[in-house]
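Visitor: Please see the structure below; I have some questions.
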Amino acid sequence: MWAVLCIALLLPACGYQLTARAPIQLPQDSTRLYLDKVTNPTTETWIEPMLRSSLRDELTRRGNVTWVSRDEAEATVNIDVRSYSTSDALKGRDDVTLKSAASIQMVVTFFSTKTNALIWTSGPILASESFRGASEIQSSSGTLQSTSAKREATQEAVDLAVRKVADQLGQKF
């Protein structure tokens, strides 16, 4: 037991870190960023502000990022949502959904504000999070309503996708 505790305490001193806390290396050392476009072809309009907030928070936490206006930026950042879906992952008796999943695929790109050239791309990032129950439930009035579990799973999938983007920025170019 003591050996495990000692190892756990010594690992951070040796330079080992969890990737979600590892610092990132921004393209061309661009620390003054402007979050430009979020392309969202889905009908879920609430995904755009969720993505913007999550990416800003993650890059601010892990990098020396200052979010500025377009005129002051060294690089602009774009998020392109390629797909978002919820699906029934597991059905029980009488075809009742027991478990569903929220999945997002996206690409994040950085462009130089001086040359408008692409300076970094994440490539396709896929993240998924499961949740209990159906993606939609029927209310007492008979209409379908989205569950809060779906929204929470989507937030977790978005946060995971953004962490994957930051993890790629944490690797050497």
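Going by our numbering, the sequence shown wraps up at 369, each residue one higher than the last. Ideal Cβ placement from N, Cα and C applies to all residues, glycine included.
Alpha carbon to alpha carbon, how far is residue 228 from residue 250? Give it in angstroms, no decimals.
Guide: 17 Å
Visitor: Could you tell me which uninterrupted beta strand (DSSP E) segments, each at least 3 residues in length, are contained entirely in the segment 236 to 322, listed from first to last along the chain?
Guide: 271 to 287, 293 to 308, 314 to 317
Visitor: Is residue 283 near residue 299, with beta carbons less than 9 Å apart?
Guide: yes
Visitor: Report the three-state DSSP secondary structure of residue 356 (helix, strand or coil).
Guide: helix
Visitor: Checking 9 Å against the spacing of the C-beta atoms, do residue 273 and residue 231 come in under that value?
Guide: yes
Visitor: Would you tell me roughly how many angstroms separate the C-alpha atoms of residue 323 and residue 246, rounded to the nearest one?
Guide: 15 Å
Visitor: When the Cα of residue 355 is compared with those of 302, 309, 224, which residue comes out closest?
Guide: 302
Visitor: DSSP three-state call for residue 226: helix, strand or coil?
Guide: coil
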